[in-house]
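Protein chains in written order, with my numbering: chain A, 1 to 207; chain B, 1001 to 1207.
These notes concern the structure reproduced below.
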């Protein structure tokens, strides 16, 4: 953006480039370890629109990378095919905005491999923040996570597909984010909706 | 919920039932009049996951009804088939939470027919709030719309599919909601993400 149109920092009067003031946040969408309807641990199938919707939300809120996590080779090939269509194929010409979002996707076998990748970038492992639709006594509020983001320390926000992340994985995370609540007791948002709302709660402006 | 577990109203000390304190808000998803990539007015096709994601968000935030608007008879049949599967068919047994969300869908030919339906319920026409990803000089902030919701007057929040609502329709609305912004200039969220975020901005709790 041209220098003159950059918003001024209210304290210092300096012009700041909003595009370079990115939060030190990474997002992962896990297809393992998640649970099915009965609570059994499964590997879920990749949903095409999860990739599109969450990559566009991630791009909107300035997240550094969007990791899609699946240990299944055929599912990894599917993800690669979807990304390629929109970043190298006909889709890139048809819809450049879609390309710039899907370019943020990185494919990994495990969440541990995601943490390694971030360590390679940041030279420190990220703290992990998990999301869960159920209330948890140890949960952390949005305000506290916003404060951590302001500190500049890297955070990895992990979303689960299917019926959510496995309890064993949740138990090992650094923070469990409070569930999203409206004025009802219904808490069955899609992972696409939940990821969008949580990014807005953490990073949205002009609310 | 049992009487004893109802939260107390801080001012009056009375126990309030959160489930009955629903906002006087209606949501419509328009497939006409919307524009395509070139800005030409079209009727868009219905996307299955729009119905699922937005009905679940609408249910979460206590919206009174979710109108799906399309003038195309074959598309209306498709919507009806999807709803029936989850409300009467195998899906209703498999996933009751999905049923209670999709039950909020009402199918209408036009946005005018939606306003008529609401007038029949409320005995007054709703004010219309439209959403637009582009900045508009006449736009209204989230705080102002929250104030209107508190007044109890009925509001109809209209989302456009494809490349968004037609300008002629936007010009006739009572309020144009400010676009959703994060810390970047990218503003290409899916309608599923945008609807979820806007409902959370207007009605979310514990943020």
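Quick reminder that beta carbons are idealized off the backbone N, C-alpha and C, glycines included.
No experiment lies behind these values; they were computed from the predicted model shown.
Buried or exposed by the 16-neighbour rule on C-beta atoms within 10 Å, applied to residue 1160 (chain B) = buried
inquiry  = Check this for me: beta carbons of residue 69 (chain A) and residue 110 (chain A), under 8 Å apart or not?
reply    = yes
query = If you measure from the beta carbon of residue 1024 (chain B) to each beta carbon in chain A, is any gap under 8 Å?
reply = no
ask   = From the beta carbon of residue 142 (chain A), is the nearest beta carbon of chain B less than 8 Å away?
value = yes
Host beta strand (DSSP E) of residue 176 (chain A) (start-end) = 175-177
key: Collapsed DSSP secondary structure at residue 1180 (chain B) in the structure displayed   = coil
Residue span of the beta strand (DSSP E) that contains residue 87 (chain A), given as start and end = No beta strand (DSSP E) contains residue 87 (chain A), which is instead part of the alpha helix (DSSP H) from 73-87.
key: Contact under 8 Å by Cβ, residue 22 (chain A) with residue 64 (chain A)   = yes
inquiry  = For residue 111 (chain A), would you say it is in contact with chain B, using Cβ-to-Cβ distances shorter than 8 Å as the test?
reply    = no
task = May I ask you to list, following chain order, the residues of the region 1154-1180 of chain B that have a beta carbon less than 8 Å from some beta carbon of chain A?
result = 1178, 1180
key: Between the CA atoms of residue 1133 (chain B) and residue 1037 (chain B) - distance to the nearest angstrom   = 14 Å
query = Ends of the alpha helix (DSSP H) at residue 114 (chain A)?
reply = 111-122
query = Can you give the Cα-Cα distance for residue 1191 (chain B) and residue 150 (chain A), rounded to whole angstroms?
reply = 29 Å
query = Who are the near neighbours of residue 1101 (chain B) in its chain, counting only those whose CB is closer than 6 Å to its CB and skipping five residues on each side?
reply = 1055, 1056, 1059
query = Distance, Cα to Cα, residue 1121 (chain B) vs residue 1127 (chain B)?
reply = 14 Å
ask   = Thinking just about the alpha-carbon of each residue, which of A:154, A:88, A:176 is nearest to the one in residue 164 (chain A)?
value = A:176
Residue 96 (chain A) versus residue 45 (chain A) - alpha carbon distance = 27 Å
inquiry  = Rounding to the nearest angstrom, what Cα-Cα distance links residue 72 (chain A) and residue 1024 (chain B) in this structure?
reply    = 46 Å
task = Excluding the 5 residues preceding and the 5 following residue 199 (chain A) in the sequence, name in chain order all residues of the same chain whose CB lies nearer than 6 Å to its CB.
result = 57, 61
ask   = Rounded to a whole number of angstroms, what is the C-alpha to C-alpha distance between residue 1156 (chain B) and residue 1166 (chain B)?
value = 17 Å
key: Endpoints, beta strand (DSSP E) assigned at residue 1065 (chain B)   = 1065-1069
Boundaries (first-last residue) of the alpha helix (DSSP H) holding residue 1058 (chain B) = 1048-1060
Residue-level contact to chain A via CB, residue 1190 (chain B), 8 Å cutoff = yes
key: residue 147 (chain A) classed as buried or exposed, judged by whether at least 16 other C-beta atoms fall within 10 angstroms   = exposed
request  = Measuring only between beta-carbons, confirm whether residue 207 (chain A) sits less than 8 Å from chain B.
outcome  = yes
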